[in-house]
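The numbering of the sequence shown is the numbering used here, which starts it at 427 and goes up by one. C-beta: ideal position from N, C-alpha, C; glycine also. Predicted model only: the values in this text are computed from it and were never measured.
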Amino acid sequence: MHWLVLILAGTLEAVWATALAASDGFRRPRPTALFAVSLVLSMVGLAWAMTALPTGTAYAVWVGIGAVGTVLLAVVRGEERLGAARAALLLVLVACVAGLKVVA
């Protein structure tokens, strides 16, 4: 259950990072509200997951999921391009996150 919560918290990290960029310096209310809610839920999920998982592992997995998710959201929204090299590097990052799960 802790791993599932950690994965959800990492996904919410991608949401709050994307909403933060969309908030235009906190001038747009909806993205600002989405940022605030997803940030709190992401942190609560990370904190809870850390009650059973090693801190370094939990944090690395959370950041990795958030980073990959943020890039993928930007690609889907047409804000960034996903070339072959970038896709390969993201796959390596996903493999590292999965590897941390395997050895934890």
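(message) What does the alpha-carbon distance come out to for the pair Thr458 and Glu439?
(response) 14 Å
(message) Taking the alpha carbon of Gly495 as the reference point, which residue from His428, Met427, Trp429, Ile433 has its own alpha carbon closest?
(response) In terms of CA proximity to Gly495, Ile433 leads the group His428, Met427, Trp429, Ile433.
(request) Would you grab the beta carbon distance between Leu430 and Ala486 for me? Rounded to a whole angstrom, and I think it's under 8 Å. (result) Not really, about 17 Å apart at Cβ, beyond 8 Å.
(request) May I ask which residues mark the beginning and end of the alpha helix (DSSP H) holding Thr477? (result) Note, Thr477: premise wrong, no alpha helix (DSSP H); not H, not E.
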